[in-house]
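Chemist:
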Amino acid sequence: GDLLESQTQCAICLIYAPSDHQGRKHLWDQLRSVKSSIEAPCIFMGDFNEVLNPAERRGSLNTSQGMRDFQDFIMDLQLVDMDIGQSFTWLRKNAASRIDRILIDKELLLKFPNNKAYCKERVFSDHFLL
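Counting in our numbering, the sequence shown runs from 13 upward without gaps.
(1) Can you tell me whether serine 49 is buried or exposed? The criterion is at least 16 other CB atoms within 10 Å of its CB, across all chains shown.
(2) If glutamate 62 sits next to alanine 29, beta carbons under 8 Å apart, how far is it from one beta carbon to the other, in whole angstroms?
(3) Does the distance from the CB of aspartate 117 to the CB of isoleucine 55 come in under 8 Å?
(4) At which residues does the beta strand (DSSP E) containing glycine 58 begin and terminate?
(5) Are three or more beta carbon pairs between the region 38-48 and the region 69-78 nearer than 8 Å?
(6) Whole alpha helix (DSSP H) runs in the region 14-49 with 4 or more residues, listed along the chain?
(7) For the beta strand (DSSP E) that arginine 113 lies in, which residues bound it at each end?
(8) On the DSSP letters alone, give me the boundaries of the alpha helix (DSSP H) that aspartate 81 sits inside.
(9) Can you list, in chain order, the residues of its chain whose CB lies under 8 Å from that of arginine 70, leaving out five sequence neighbours each side?
(10) For leucine 121, which three-state DSSP category applies?
See the structure below:
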C-alpha cells in the first residue's frame, strides 16, 4: 500500500497468530521471510497471541520461551511496538493480556515521527479494536 500524503510505499500485514507456541514460532519465521522479500517498510498489526514480558499478562511473573521468541522476532526485524494507550488489549473475566499490537518498521517511524495508534473500546469481543 501507499501512505498517500507522502507517497511512501509500505507493506501492511494483518496478523492472527496461532495460540500454540510452536505455531507462533513458525509464524515468526514466515514473517521474517516475508519481510526479507519485500523492499518496502512493513507494519505488522493484529492479534499476536503472545506478550513481550510478564507485565503484559495479569498474574504472570516469569518470562517464557514464547516471550523470548517474540522479543527476538521484533528485534530481528527492527520493529517498534507502538504505544496504543492500553495496558491490556484482551480481557476475559479475571484474565488480561496485551496480545494485540501494532509493530512498525523503524524506517517508517523515522519518516513519520508523529505516528499515533489507538485502541477503541470493546463492544462485542474480548479484544480491544486497534
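Where a beta carbon is used, it is the ideal one built from N, C-alpha and C, also for glycine.
Modeler: This is what the structure gives:
(1) As a position in the sequence shown, residue 49 is number 37, starting the count at 1. That one is exposed.
(2) Reading the sequence shown from its first residue, position 50 is the one you call residue 62. Reading the sequence shown from its first residue, position 17 is the one you call residue 29. Glutamate 62 to alanine 29, Cβ: 7 Å. Contact.
(3) Position 105 of the sequence shown, counted from the start, is the residue given in the question as residue 117. Position 43 of the sequence shown, counted from the start, is the residue given in the question as residue 55. Yes.
(4) Your numbering for residue 58 matches position 46 in the sequence shown. It spans 54-59 - the beta strand (DSSP E) in which glycine 58 sits, taken as one unbroken run.
(5) no
(6) 33-49
(7) Here residue 113 refers to the residue found at position 101 of the sequence shown. 112-117 is the extent of the beta strand (DSSP E) around arginine 113.
(8) Position 69 of the sequence shown, counted from the start, is the residue given in the question as residue 81. Element bounds for aspartate 81: 77-88.
(9) For the purposes of this step, residue 70 is identified with residue 58 of the sequence shown, where counting begins at 1. For arginine 70, where only same-chain residues beyond five positions count, the Cβ hits under 8 Å are Phe100, Asn106, Ala107, Ala108, Ser109.
(10) Counting from 1 along the sequence shown, the entry for residue 121 is found at position 109. Residue state, collapsed to three classes: helix.
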